[in-house]
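One structure is given below, encoded as C-alpha cells.
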Amino acid sequence: MNQHTSFTLNEAKTDEDALGLHQDLALAAVLLTASIAAPLATIALLWRDGFGATALVALGLSVAVCALWPLYHSRFRRWVAYALILTLWLGSLASIVTQGSVRSVGSTVMLAALVLAGSFLSRAATVATALLSLVALAVLNQLEQAGAMPNRLPDVGWAVWILHVACIVTVLVSVLFSRFRLLAAFRDQKDAYDMAVEAEQDMRASQERFLSLFQNNPAATLVISLDTRRIVNANEAFEQLLGYPARQMIGQESPVFWVDPLEDQAFRSALKAHDRVANLRGRLRRQDGTEIDALVFANVVRQERERLLMIMALDVSAEERSRKALQRSEERFSKAFNFSPLGMVITRLSDGLFIEANPANERVIGWTPEDLRGRTSQQVGVWLSESERIDYVQAIRRDGRLQGYETRMRSKRGEVVPVRLWAETIDIAGEPCALTFTLNVAEEKRRQDVLINLARGISSQTGEAFFLSLAEHLASATGALGVVVAELNTPGQAHTLALVNQRQLQPNRPLSLAQTAYSRLVGSDGLVLPKLDGQHLTRSTPPFDPDDVGTLAGMSLRDADGSVIGLLAAVWREQQDPGEEVRALLQVFASRCNAEMLRLRRDREILRLQATLEQRVQERTEQLRYLNQELESFSYSVSHDLKSPLRSIDGFIHLLKEQLAGRATAEDEDMIGRVQESVVRMNGLINDLLALARVSRGRLQRTRVNLSELVHDVVRREKDRDPTRDVEVVIQPDLYADCDPRMAQIVLENLIGNAWKYSRHTPGARVEFGKAANAESEGLTSFCVKDNGAGFDMSRVDRLFKPFSRLHNSIEFEGSGIGLATVRRIIERHGGQIKAEGAPGQGARFCFHFGSEEV
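Here you go:
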C-alpha cells in the first residue's frame with residue numbers, strides 16, 4: 020500500500036487531491052475493520068443471547084457496513100464516510116435502547132462514530148455529530164433514570180469483551196491510520212519543503228550563473244521587455260560596443276541601433292516569424308554616431324507571464340575589413356589566375372589532384388580546366404611517368420619552390436611537350452599544395468636546335484671556308500634570297516668573302532659600296548632595315564637583280580677600335596619585316612662572322628710578322644752582342660781606368676806619410692787616414708761592381724750542392740776574422756740544393772756575413788740556417804738565414820735589394836750596399852726568388868730558393 024500511496028501522491032496535482040487520496044485510503048481501512056468487527060460482534064451476541072433484540076441490531080449493523088462497499092467503489096465514494104458514521108451512530112442508539120442503558124456497549128459504538136466523524140467529516144459535521152450524540156445520550160440517560168427504558172443488561176460475559184474489543188480495535192485502527200497518514204503527510208510536506216528550498220537554492224545559483232554569464236559575455240547583450248518595450252538589462256560589453264551607459268539604459272526605451280532601415284525591417288520580420296534571429300549581418304550606429312559592422316543574434320524568452328527579447332551583437336568590423344580585403348585579393352588572384360597567359364594549376368602534392376586550373380592550360384599543353392579539375396595527374400596522364408612527377412614533388416618539397424624547372428608533359432593529343440615550370444608551395448585547408456606556372460618551350464627548343472645545328476655546321480670551319488658555310492646556313496635559316504659577306508679593303512671598296520644568290524654559292528667578286536644600300540650598313544652600329552620602298556632599293560644591291568629584291572637587312576662588322584672592317588647582308592624578294600627571330604639570327608651570325616673576320620685579319624698579321632721574324636731576331640742578336648761588348652768594355656774601364664788612379668792616390672798617400680813622419684800634426688794624420696779609408700772604400704765598391712757584373716755573365720753550372728757545408732765554411736771564416744765575438748750558430752745539417760756552387764757560395768757569404776755584421780751589438784747574438792717553415796712549395800725547397808740583430812723597417816723593404824741602397828748608417832755598420840743586390844741577381848738567374856722579413860731591433864729573416872732544375 021505504501022508504494023501505491025507514494026505513486027498516487029506523486030500523481031496528485033494539488034493539495035486537495037492529495038488530502039482526498041489520504042481520506043479514501045483511511046476510509047477503506049476503517050470500512051474493512053468495521054466489516055470484520057461487526058460480524059464478529061454479531062456472532063458473539065448470538066452465542067450469548069440467541070436471536071435477541073441486541074443481536075438483531077448487531078446483525079443489521081453488519082449488513083449495513085458490508086452494503087457500503089459497492090458505494091465505496093462507485094462515483095459516490097465521498098458519501099461512504101457519512102453513511103458509515105450514520106450507520107454506527109444509529110446502531111449505537113439502537114443498542115442503547117434495546118439494552119435499556121447508556122452504559123451498554125452502544126455508547127462505545129457512538130464514541131467510535133464520533134472519532135470517525137472527526138477523521139472523515141468536516142469540522143461542522145464533526146461538531147454536529149458530537150452535539151447530536153450528547154443530546155441523544157442526555158435524552159437516553161433521562162429516560163433510563165425515569166425508568167422509561169427496560170434495563171435488559173445481561174450478565175457480563177465474553178460477548179461483552181468481544182464487543183469492547185471490536186469497538187476498541189475499530190477506534191485504534193482509525194486513530195493509528197490517521198496518525199500514520201498524518202506523519203506521512205508531514206514527511207511529504209517536509210520533503211516538499213526541502214525540495215522547494217533546494218530548488219530555490221538551485222534557482223538562485225542558476226540566476227547568479229546567468230547574471231555572471233550575462234555580465235561577462237564578450238558579446239554585447241541587451242534584454243528588452245516585449246510588453247513594455249523597455250530595456251530590462253544590459254551588460255558591459257554592450258556599453259563598450261555601442262557606447263551607451265548600461266545602468267542608465269535600464270528602464271528606458273530601446274534606441275534604434277540599425278543604420279539601414281531595410282536591415283531593421285529584416286530583423287523584425289525574422290523575429291516575428293520565428294521568435295529568433297541568427298547570424299544577421301548589418302551595420303549598427305553607436306551613441307557617438309560612428310558605425311560598426313556587427314553580427315546580431317536574438318531570441319524571445321518567456322518568463323512566467325512576461326515575454327523578454329534577448330539581443331546579442333558581435334563586432335565584426337575587423338573581420339568584415341579582412342573579408343573584404345580577402346575578397347578583393349581573391350578577385351585579383353582570380354583575374355590574374357584566369358587571364359594569365361601561362362598555364363596555372365593548383366595541385367595537391369600528396370596525390371597530384373588538380374584543385375584548380377586556368378584556361379591558358381589549353382593553349383600551353385592542350386588540356387582544358389574541365390579536363391583537369393577534380394582529377395589526379397595519373398588519371399589525366401599529363402606526366403610521362405609517375406617517376407617524373409615524384410621527382411618534381413621531391414624537388415618542390417626540398418626547396419619550397421621551383422624556378423625554371425625543365426621537364427616534359429603529355430598533351431591532350433598525346434604529344435610530348437617540353438615545358439618549363441615555376442612552382443610555389445601553398446597550404447589549403449591544412450593540405451600542402453603547389454601553385455604551378457607552366458610555359459610551353461617547344462618553340463624555344465626548336466629555335467635552340469636550329470641554332471645548335473647552325474653552330475655545328477659552321478663551327479668546324481675556319482678562314483674563307485667558314486664564311487662560305489655561314490652564308491649558306493644563314494640563307495637556309497632565314498629563307499633569304501641571297502647573302503653577302505664582304506671585307507672592306509679601302510673606303511668605299513669591298514671584296515666578298517661569301518656570296519649566295521638564288522640559294523646558290525657564287526664566285527667572290529669586288530663590290531663598290533658607293534650609291535648602294537650597303538653604305539647604310541657601313542655607317543650604322545646595329546641592325547639596319549632600310550625602308551621598304553622599291554625606288555630606294557633600285558640599282559642599289561649589287562650583285563642581286565633589283566627586280567628580285569624587296570627587303571635588305573644586315574650589320575656592319577667592326578674591329579676592336581670600332582673601325583668598320585666588313586659587312587653582312589641578306590636580301591628577300593618580298594617587302595616585309597623579317598621578324599624578331601630573323602633579327603636575332605642576323606645578330607648571332609653577324610657576331611660570329613665579326614669574330615672570324617677579326618681572327619682572319621689577325622692571322623694575316625701573324626703571317627706578316629712571321630715573315631719578318633728571322634730578320635728581327637738577327638737584328639736583336641746583333642744589338643745584344645754590341646751591348647755585351649760595351650759591358651765588357653765598361654768592366655775593363657772600371658778595373659783598369661778607375662783602379663789605376665786609386666793605386667796612384669794610395670801610393671802618394673804612403674809617400675806623404677813617410678815625408679811627414681814626425682812632423683805631421685794629429686789633424687794632418689787624421690786627414691791622411693780618412694783619405695786612405697776612402698781609397699779602400701772606393702776600391703771595395705769597384706770590386707763589388709765587378710762582382711755584380713760577373714754574376715750576370717757566364718753560364719750556370721748547376722749541380723747538387725751541400726749548402727750546410729758551405730755555411731760552415733762561411734761561419735769559420737767570420738770567426739777567424741773576429742775571434743772575440745761570441746755568436747750562437749745553428750745550422751741544419753745536410754741541406755742540399757740544385758745550383759751553381761760558386762754562385763751559392765757568394766749568396767751564403769753575403770747573407771751569413773750580413774747576419775754576423777748586423778747582430779754585432781746584440782747580446783746573445785744568434786745566427787740560424789735551415790729550411791723554411793713551408794719548405795716544400797710547388798716542388799721547390801726554400802732555405803732561410805735568420806738573425807736576432809738590428810733588423811729593419813718593413814715599410815722600406817723595397818729598397819733592400821737595390822744597388823748602393825742602405826737602410827743603416829755606414830758609420831755604425833760598414834758596407835757598400837751591393838751585397839744583397841748581388842744575391843738577388845744570382846737567385847733570379849737560377850729562376851728562384853728571395854724574400855726578406857724583419858722588424859727594428861728584432862732581427863731579420865731572408866728566405867730563398869734556387870728555382871727548378873729545368874731553369
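So for the sequence shown, this note's numbering puts the first residue at 20; every next one is plus one. C-beta: ideal position from N, C-alpha, C; glycine also.
Quiz prompt | Paired residues, beta bridge with Ser-244 - DSSP | solution = The bridge partners DSSP lists for Ser-244 are Leu-327.
Self-check item: Spatial distance of Leu-458 from Gly-573 (CA atoms)
Solution: If I take the Cα positions, the gap works out to 32 Å.
Quiz item: What is the residue span of the alpha helix (DSSP H) that Phe-356 lies within?
Solution: Annotation for Phe-356: the continuous alpha helix (DSSP H) segment containing it runs 336-358.
Quiz item: Is the beta carbon of Arg-522 sitting closer than 9 Å to the one on Leu-500?
Solution: Between Arg-522 and Leu-500, the CB-CB gap stays under 9 Å.
Quiz item: In whole angstroms, what separates the C-alpha of Ala-113 from that of Arg-94?
Solution: For Ala-113 and Arg-94, the gap between their C-alpha atoms comes out near 30 Å.
Practice problem: Compare the Cα-Cα distances from Ala-614 to each of Leu-489, Arg-744, Val-438 and Ala-344 and report the closest residue. | Solution: Residue Leu-489 is the option with its Cα nearest to Ala-614.
Quiz prompt | Closest residue to Thr-884 among Ser-369, Ser-543 and Gly-851 (Cα-Cα distance) | solution = For residue 884 there is no data in the structure shown, the boundaries of the chain being 20 and 874.
Quiz item: Can you tell me where the alpha helix (DSSP H) with Arg-420 in it begins and where it stops?
Solution: Judged by DSSP secondary structure, Arg-420 falls outside any alpha helix (DSSP H) and instead within the beta strand (DSSP E) spanning 420-429.
Quiz item: What does a CB cutoff of less than 8 Å around Asp-174 pick up in its chain, not counting 5 residues either side in sequence?
Solution: Confidence at Asp-174 is low in this model, with a pLDDT of 49, below 50, so the placement of that residue is unreliable and no value is reported for it.
Quiz item: Nearest to Leu-391 by CA position, among Ala-144, Arg-466 and Ile-365, is which residue?
Solution: Looking at Ala-144, Arg-466 and Ile-365, the one whose alpha-carbon comes closest to that of Leu-391 is Ile-365.
Practice problem: Please name the residue in Glu-350, Glu-349, Arg-342 and Pro-378 whose C-alpha comes closest to that of Ser-359. | Solution: Among Glu-350, Glu-349, Arg-342 and Pro-378, the Cα nearest to that of Ser-359 is on Pro-378.
Quiz prompt | Simplified DSSP assignment, three categories, for Lys-790 | solution = Strand at Lys-790.
Quiz item: Between Ala-791 and Ser-801, is the Cβ-Cβ spacing less than 9 Å?
Solution: Their beta carbons are under 9 Å apart, which means Ala-791 touches Ser-801 by this criterion.
Quiz prompt | Residue environment, Gly-371, which counts as buried when at least 16 other CB atoms sit within 10 Å | solution = Counting C-beta atoms within 10 angstroms of its own C-beta, Gly-371 has 16 or more neighbours from the protein chains shown and is therefore classed as buried.
Quiz item: beta strand (DSSP E) containing Leu-799: first to last residue?
Solution: Looking at the DSSP string, the run of the beta strand (DSSP E) that includes Leu-799 is 799-806.
Exercise. Can you say whether Asn-508 is buried or exposed, counting buried as having 16 or more other CB atoms within 10 angstroms of its CB?
Key: Exposed, because fewer than 16 other Cβ atoms sit within 10 Å of the Cβ of Asn-508.
Self-check item: beta strand (DSSP E) runs wholly inside the segment 383-468, at least 3 long, in chain order
Solution: Taking 3 residues as the shortest admissible run, the segment 383-468 contains the following complete beta strand (DSSP E) segments, listed from N- to C-terminal end: 420-429, 435-447 and 450-459.
Practice problem: Pair every Cβ in the segment 314-331 with every Cβ in the segment 233-244, then say whether three or more of these pairs are closer than 8 Å. | Solution: Here the segment 314-331 lies against the segment 233-244, with 3 or more beta-carbon pairs under 8 Å apart.
Exercise. Return the first residue and the last residue of the alpha helix (DSSP H) that Trp-277 is part of.
Key: Taken as a continuous stretch (DSSP letters only), Trp-277 belongs to no alpha helix (DSSP H), as it is neither H nor E.
Quiz item: Contact between the segment 617-630 and the segment 524-531: three or more CB pairs below 8 Å?
Solution: Taking a cut-off of 8 Å on C-beta distances, the segment 617-630 does not touch the segment 524-531, as fewer than three cross pairs fall below it.
Practice problem: Would you decide whether Glu-768 is buried or exposed? Buried here means 16 or more other CB atoms lie within 10 Å of its CB. | Solution: Classification of Glu-768: buried, given that the 10 Å Cβ count is 16 or more.
Quiz prompt | Buried or exposed (CB count within 10 angstroms, at least 16 for buried), Gln-554 | solution = In this predicted model, Gln-554 has a pLDDT of only 45, less than 50, meaning its place in the structure is not dependable enough to derive any value.
Exercise. With DSSP as the reference, label Val-746 as helix, strand or coil.
Key: DSSP places Val-746 in coil when its eight states are reduced to three.
Quiz item: His-868 to Lys-776, Cα distance in whole Å?
Solution: Within the model, the alpha-carbon separation for His-868 versus Lys-776 is close to 23 Å.
Quiz item: So, using beta-carbon positions, are Val-734 and Ile-771 closer together than 9 Å?
Solution: Remark: C-beta atoms of Val-734 and Ile-771 approach each other more closely than 9 Å.
Quiz item: Exposed or buried, what is Tyr-755 when buried is set at 16 or more other beta-carbons lying within 10 Å of its beta-carbon?
Solution: Tyr-755 comes out exposed.
Self-check item: Close beta carbons around Leu-675, own chain, < 8 Å, minus the five adjacent residues each side
Solution: So the list reads Ile-691, once near-sequence residues are dropped.
Quiz item: Is the segment 299-315 close to the segment 273-284, with three or more CB pairs under 8 Å?
Solution: In this structure the segment 299-315 touches the segment 273-284; the number of beta carbon pairs closer than 8 Å is three or more.
Quiz prompt | Candidates Gly-569, Leu-587 and Ala-494, of which the one nearest His-514 by Cα | solution = Among Gly-569, Leu-587 and Ala-494, the Cα nearest to that of His-514 belongs to Leu-587.
Self-check item: Three CB pairs or more closer than 8 Å across the segment 419-439 and the segment 339-359
Solution: No: fewer than three Cβ pairs fall under 8 Å.
Practice problem: Could you tell me whether any Cβ in chain D is nearer than 9 Å to the Cβ of Gln-208? | Solution: Absent from the structure: chain D. Only one protein chain is present.
Self-check item: CB contact flag (Gly-423, Arg-439, <9 Å)
Solution: Cβ distance < 9 Å, so Gly-423 and Arg-439 count as in contact.
Quiz item: Going by other Cβ atoms of all chains shown within 10 Å of its Cβ, with 16 needed for buried, is Met-363 buried or exposed?
Solution: Its Cβ being crowded by 16 or more others within 10 Å, Met-363 is buried.
Quiz prompt | For Gln-467 and Leu-17, the rounded distance between their alpha carbons | solution = Only positions 20 to 874 of the chain appear in the structure, and residue 17 is not among them; the question remains open.
Practice problem: Report back the beta-carbon spacing between Thr-570 and Glu-599 to the nearest angstrom; my notes put them in contact at under 8 Å. | Solution: That belief does not hold up - the Cβ atoms of Thr-570 and Glu-599 are roughly 15 Å apart, past 8 Å.
Exercise. Give me the Cβ distance between Phe-865 and Ala-858, rounded to the nearest whole Å; I'm assuming they're in contact under 8 Å.
Key: No, Phe-865 and Ala-858 are not in contact; Cβ-Cβ is about 14 Å, not under 8 Å.
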